[in-house]
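Protein chains in written order, with my numbering: chain R, 73 to 480; chain A, 73 to 480; chain W, 73 to 480; chain X, 73 to 480. The structure appears below as structure tokens.
There are 4 protein chains.
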Amino acid sequence: MFAKTDELKVLRDPVHGYIRVELQVIWDCINSAWFQRLRRIRQLGGANMVYHCAEHTRFSHSLGVYEVVRRMVSEVPDIVAALSERDKVVVMAAGLLHDLGHGPYSHTFELVTNTSHEEYTCRIIEEDTEITRILNSAAPGLAKEVADVIRHTSANPLLSQIVSSQLDADRMDYLLRDAYFTGTKYGEFDMERILRTLRIEDGRQLVVKQSGVYAVENYIMSRYHMYWQVYYHPTARSFECVMNALFRRIKELYGPANEEELIDVFRPLIKNRPLSLAEYFRLDESSCGYAFDVLAGHPDRIVSDMAGRIRDRRLFVYADSTPESIEAVREKLAACDLSEEYYLGHDSVRQNPYVPYTGQQDGSIWVRMKDGSVRELSNASNIVYSLTHGPTNDDNKIFFPRELAGLD
Amino acid sequence: MFAKTDELKVLRDPVHGYIRVELQVIWDCINSAWFQRLRRIRQLGGANMVYHCAEHTRFSHSLGVYEVVRRMVSEVPDIVAALSERDKVVVMAAGLLHDLGHGPYSHTFELVTNTSHEEYTCRIIEEDTEITRILNSAAPGLAKEVADVIRHTSANPLLSQIVSSQLDADRMDYLLRDAYFTGTKYGEFDMERILRTLRIEDGRQLVVKQSGVYAVENYIMSRYHMYWQVYYHPTARSFECVMNALFRRIKELYGPANEEELIDVFRPLIKNRPLSLAEYFRLDESSCGYAFDVLAGHPDRIVSDMAGRIRDRRLFVYADSTPESIEAVREKLAACDLSEEYYLGHDSVRQNPYVPYTGQQDGSIWVRMKDGSVRELSNASNIVYSLTHGPTNDDNKIFFPRELAGLD
Amino acid sequence: MFAKTDELKVLRDPVHGYIRVELQVIWDCINSAWFQRLRRIRQLGGANMVYHCAEHTRFSHSLGVYEVVRRMVSEVPDIVAALSERDKVVVMAAGLLHDLGHGPYSHTFELVTNTSHEEYTCRIIEEDTEITRILNSAAPGLAKEVADVIRHTSANPLLSQIVSSQLDADRMDYLLRDAYFTGTKYGEFDMERILRTLRIEDGRQLVVKQSGVYAVENYIMSRYHMYWQVYYHPTARSFECVMNALFRRIKELYGPANEEELIDVFRPLIKNRPLSLAEYFRLDESSCGYAFDVLAGHPDRIVSDMAGRIRDRRLFVYADSTPESIEAVREKLAACDLSEEYYLGHDSVRQNPYVPYTGQQDGSIWVRMKDGSVRELSNASNIVYSLTHGPTNDDNKIFFPRELAGLD
Amino acid sequence: MFAKTDELKVLRDPVHGYIRVELQVIWDCINSAWFQRLRRIRQLGGANMVYHCAEHTRFSHSLGVYEVVRRMVSEVPDIVAALSERDKVVVMAAGLLHDLGHGPYSHTFELVTNTSHEEYTCRIIEEDTEITRILNSAAPGLAKEVADVIRHTSANPLLSQIVSSQLDADRMDYLLRDAYFTGTKYGEFDMERILRTLRIEDGRQLVVKQSGVYAVENYIMSRYHMYWQVYYHPTARSFECVMNALFRRIKELYGPANEEELIDVFRPLIKNRPLSLAEYFRLDESSCGYAFDVLAGHPDRIVSDMAGRIRDRRLFVYADSTPESIEAVREKLAACDLSEEYYLGHDSVRQNPYVPYTGQQDGSIWVRMKDGSVRELSNASNIVYSLTHGPTNDDNKIFFPRELAGLD
């Protein structure tokens, strides 16, 4: 049996009302330095440049995912019945900790460090940190089981489906949360109804009852619109583009010979080896913010320009990517003696609101029809069928300094 | 005439729907480095330790105050008629910029630097910064007029009443905004009705029509509840208490002789002279966050302990302040060889939901009764009369390390 | 054991999200003709003349009260532990059925029939109706136990406190619901927090923990504002005033001798005897609406005028009641040859947001302080103390035809 | 010039915040008996049987449509510039009055009376009623111009597009309103953004800027989901099915010879001639509610059964329509001696979320692309293209008494 906290802990949350914690192991994880570090990592790196209220952190998102998982394992009858007490704790902890390894400005840092945040998450859970000790003290072997869920190597496939599939606690929280903090309405959908229509098929697969299909369609559309309106907003991508240029320049300028000249928190990034957890711990949006301010006074013109652009939000402007637009920017860059390598960014995004089952991945959404048969979502919903068979949206853009836009 | 932007700029805001900007001078202020710096200063220093979603910044609050002022000067007929075009721009700019001089973790830094944020605000507006140049380019002398509103020395008393009184754009925005981001409902009130019932008396005094008194009562109660539930929450005060201890310790350890040993962003704080604006610019919650992490490894046991407590949210616990509780903590501190100076915090707060007119200050709320007479709010509302004449709430607390709580 | 429905029944409700029913006895009550009749009785008789969306019915309010009770008896640990299974069913049924005896335009009809709606409620529950049979089939004697709760004669005082006290499921639902459907924000308060801080003292008295006092203060203020802004809105009172005049005129015109000439649904009202339940069943806002239309063509000038005023919303206007205003209207009435008895209405309202304990009634709110002592709310909250000791609001108005307002 | 009211009239509305009226002609229309009659006609006939809070009326919807039109003609720059003062009044009045001719339980009564509500609307506006006089007093010929907009025969095509097209004030209000009062979230979309991106092309066609396409997609999806979740909910269709059976039976039983035996309000319905406006005025949901109660005691077994079913909500149950299900119900009906004509209902619905332009109708949605070209929506949105080219949803159901469901 897992120890309970001395009283129910409740944290006020605008999205879920309250986050409820009654297990000591969960409470201890929340109070650890590694989890508190997530207060210093924003959920949306870059989108707060467009949506000025989107300052919410991975800390609040992680609590939200935990809360959705907690509700699933205590309110959805099929899940209540299917999971052991230990599995419930494992999956709640996995929900809480699934983003533990995120660095600042996530995508950019994954590119810079060549490491996925999932890898760091599992290292922090298993490599003998405070988190590891909390989990294994609660039950020997718990840390590995939690990491297995995050790695999709858990013995029980339901656990990964709850935390990470195309209809999971992670996505449900972030859509609602990002909608709330950006102030867009696109991300809203009827989570209550989805939870009420969740069932388990064959003991191994989460399914939605047919009567929940409209709510799932709505959720799929919410994702679609959030991608285009928020996650793929060109200004957010411009922010990433400038940051990417900054780090590429730093890597060009520094190496083993002169790494000591670089600001301390960024030194590990140029070492061509995995970061230690102690190094990784220090990389958060506070230390990066400090570093950008310092680098804004750097002697290299490109470094100081890019760092100042990030600090003061003088981002690149954008245009649709065409041979003509690229050529026009190139000419202007040449005229200004600006390096195309750093001053002309390219970014192409594409979004599938839903990926139907292809026989390999396990994240598809399945529907239990009224007649008892089970169908993959795109066979159960005309809307989703149409979306997955219709033309695909993609968006190719180039990014460059605003000053060039006015040149002629 | 003030230049307009090439098209109406609209920023999505969850509290007001949209922030609308159509004057170039406002748009340029928003895009300045000094204003963008407010993205790195949270609105509620400390309350995000209790309300984990309250990460909203002074940037969004400042935009919100601007928007409320903009609506007042374009939608409230009496104000539309009473103010010149220039006064309207001045008061919108004052609303936008009134918090420009805020430092990180506001109250603590005001104590540490012995300087109010209003002073810095006026310096940034008038001391030849980018802001000064933007304002004075739009109209010579504009910067001083904006600062006059913030200093309450404007020739037109209406301007200060709009931006800073007991019923002003500042308070209206922050109550709604803080309620939204904490997820409490206490801060909600009917701003639309207040705006609709605003009038000007004698050309010099904002008043509310009697039919708006209920909405004002509601607003007063919202403030009251927000103070006790959010702003004066003991955990937020604990955060300030620990930070205060850290800075007192730093000041004790460092002086002119060894200031170079201190982390760079904090050096100006120990120099017993006003900070330069360049020094002040660098003090934001990013650089402080970085500094706390560095100081968590500081050789002084008190510095490292306090900095680590802030970084990892290991705050002090609290108890009602009584001779007995103080004595008990003192004994335990002595037993652990911990200094009372740093490890026993005292904090006393008191809140008046509304301060009636006493003949001196000019921020009272006035009501135009149906018969045309004008009364001060506490004479027009039984509720407010009762509140201002009833017993006063205060709260005296002591703060100390959690470890001591369990000692015996 | 009480039978469950074959599956959980959930009804979408904008105020509570969902209404959840899992007991067959509750479901059967909902589906009875007497309960469905509440669809034809609006919650706010008259206020929809001011707030045009306030068309919500006692049907939805009754479901809402049931839902709040259901949450109390299944989510508040002290209540879960204190009540037997049977008591829980009794109090849920009492919450569901407490308004069953309401007639149309409640206050007016209570005046006209000289009977309180509580009396009808108990008669419908106990006088061998479909409801009686449903309850007693579920468990012999259940109907009487439910009626006892409504009559405040239950053996267990907690049951009446849950359904009917100054902080009960009834008030909590109607404040939230009326706020939602009028579109005012005054009625909102933090029900979740109140539920979380409810405790039972001595096995006999519901109390709120001190940490919930702010939420209770907020609730008290919500009631206060809803009374003045909605329930006591002069236009709603004007509606009641006109309807009252109509019924007084009908009673004057008709009696045993000529009752057959009166429209059928209104005949029982003039018989100076209690109505039979069959007669009462027919009195709803549909039949009244039909009757008003018929009576708008009645030969008596006063009847037809009043009925037309109700149907077409040509209500009386109002003024503060003073000797002068009364005299002025009297003169105009005389000049127009209109009867003061019907064309000059008087109405005086007063509201105490909270009634402290005086030793007799049992509906006061009690607070368990941190030190374990229990205090009556006005001794635990400075706000409530001030409100109950400050000046009282009352509002005396006269009502008269709009045409007179312009006479001179 | 059109006369203004003595002060701005504001009506609180939960959907739009406030409804603002400043023209006397609009205010007079609102206060007319014909418009007040809309308080007695629900917006959703039948859906309140499923969504118990959906009691909102055509009165509030009509005010809402007016408000959306008012905002369009005063806030959308292209429309402000394109329309004359008179056109603005015409289109606001058309928005307010477009549903004036709705009868109770709309679809059923249109079937019973063989007349569309639009016809009645135009008759009420033009046939010398109070409405006609109000409009023509404000400006000679105004009534006809308002009716022309509703009939789509206005000289200015923009006016009908504003009030009645696939993206109009009518649909925008009802989606938001129905979502609010049912408590579903499906109907929400970003009206603010749509309004902000509206433009006029060639002086004759409303278009949406490409940057508003996501908001329009969201609106299309909202409609789609509201149709299936609310308007086409089988329980709402069951309600219509029972009411249809009742009226068919009444028509069978009564004719010129015995029409006096029928309850007065229903007599005009069996006369095989258009109703007079005086007769139509009396047909509202109050008089129908009264009539159902009276008919529940009718000697004809089918009439009394159907009327009682409507009054007490004992609706038919439903099943997918298949040869087998139909045959099974037929057998059971025969066994119970129930007439298939009345006791077996069929209903087939199909919904296109958007109808692309086919060269004839004028209600399509057009998009102004960034390059200045104008495309029909399904050529500008991949989502809408997919929806209009994918498989179509339809739903064929049969309806029959619940008692039969359990037979065997």
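Beta carbons: idealized from backbone N, C-alpha and C, even for Gly.
query                                                                                                                     : result
Given 8 Å, three or more beta-carbon pairs between the segment 83-102 of chain R and the segment 129-139 of chain R       : yes
Distance CB(L267 of chain R)-CB(R143 of chain R) smaller than 8 Å                                                         : yes
Residues sharing a beta bridge with A391 of chain A, DSSP                                                                 : A:I470
CB of A379 of chain A within 8 Å of CB of L367 of chain A, strictly                                                       : yes
Complete runs of the alpha helix (DSSP H) confined to the segment 172-245 of chain W [at least 4 residues]                : 178-185, 189-198, 202-210, 214-223, 229-235
Cα-Cα separation between N186 of chain W and I470 of chain W, rounded to whole angstroms                                  : 24 Å
Unbroken stretches of the beta strand (DSSP E), 3 residues or longer, contained in the segment 119-178 of chain X         : none
Cα-Cα separation between L80 of chain A and E264 of chain R, rounded to whole angstroms                                   : 39 Å
CB contact below 8 Å: H297 of chain R versus chain A                                                                      : no
Option nearest D552 of chain W by Cα separation, candidates W:L278, W:R109, W:Q108                                        : Given a span of 73 to 480 for chain W in the structure shown, any question on residue 552 of chain W remains unanswerable.
Boundaries of the beta strand (DSSP E) in which G369 of chain A is found, first to last residue                           : Taken as a continuous stretch (DSSP letters only), G369 of chain A belongs to no beta strand (DSSP E), as it is neither H nor E.
Chain A contact for S178 of chain R (CB, 8 Å cutoff)                                                                      : no
Amino acids of chain X, ordered along the chain, whose beta-carbon sits closer than 8 Å to that of V82 of chain A         : R268
Status (buried if at least 16 other CB within 10 Å, exposed otherwise) for A484 of chain W                                : Outside the displayed span of chain W (73 to 480) sits residue 484 of chain W, for which this structure offers no information.
Beta-carbon gap between H189 of chain W and S178 of chain W smaller than 8 Å                                              : yes
8 Å Cβ cut-off: residues of chain A touching H370 of chain R                                                              : Near H370 of chain R there are no residues of chain A at all, since even the closest Cβ is about 15 Å away, more than 8 Å.
Pairwise C-alpha distance: S146 of chain X and W438 of chain X                                                            : 22 Å
Chain-ordered chain R contacts of E333 of chain W [CB-CB under 9 Å]                                                       : Result: empty, since nearest Cβ-Cβ is about 54 Å, beyond 9 Å.
Unbroken alpha helix (DSSP H) run spanning Y457 of chain W, endpoints                                                     : 454-461
Span of the beta strand (DSSP E), counted from its first residue to its last, around G417 of chain R                      : 417-422
Coil, strand or helix - K323 of chain R by DSSP                                                                           : helix
Straight-line gap, L449 of chain X to P425 of chain X (C-alpha atoms, nearest Å)                                          : 12 Å
Buried or exposed by the 16-neighbour rule on C-beta atoms within 10 Å, applied to E399 of chain W                        : exposed
Span separating the alpha-carbon of R195 of chain W from that of Q238 of chain X                                          : 53 Å
Short CB-CB distance (under 8 Å) between D480 of chain W and chain X                                                      : Residue placement at D480 of chain W is poorly supported in this model, since its pLDDT is 48, which falls under 50; the coordinates are not used for a value here.
Nearest to P176 of chain X (by Cα), restricted to the options X:C313, X:L476, X:L116                                      : X:L116
Alpha-carbon to alpha-carbon, M315 of chain W and R373 of chain W                                                         : 15 Å
Any C-beta of chain W under 8 Å from that of G89 of chain R                                                               : yes
The segment 315-334 of chain X / the segment 405-422 of chain X touching (three or more Cβ pairs under 8 Å)               : yes
Alpha-carbon spacing of E403 of chain R relative to S411 of chain R, whole angstroms                                      : 11 Å
Sufficient close CB pairs (3 or more, under 8 Å) joining the segment 220-229 of chain X to the segment 454-464 of chain A : no
Where the segment 247-265 of chain X meets chain B: residues whose CB sits under 7 Å from a CB there                      : Checking the listed chains, one finds no chain B in this structure; the protein chains it contains are R, A, W and X.
Segment limits, beta strand (DSSP E) that includes R440 of chain A                                                        : 438-440
N-terminal and C-terminal residue of the beta strand (DSSP E) that Y90 of chain A is part of                              : 89-95
Candidates R:L405, R:V421, R:H128, of which the one nearest Y304 of chain R by Cα                                         : R:V421
Limits of the beta strand (DSSP E) - the one that T28 of chain X falls within                                             : For chain X, the structure presents residues 73 to 480; residue 28 of chain X sits outside this window and is missing.
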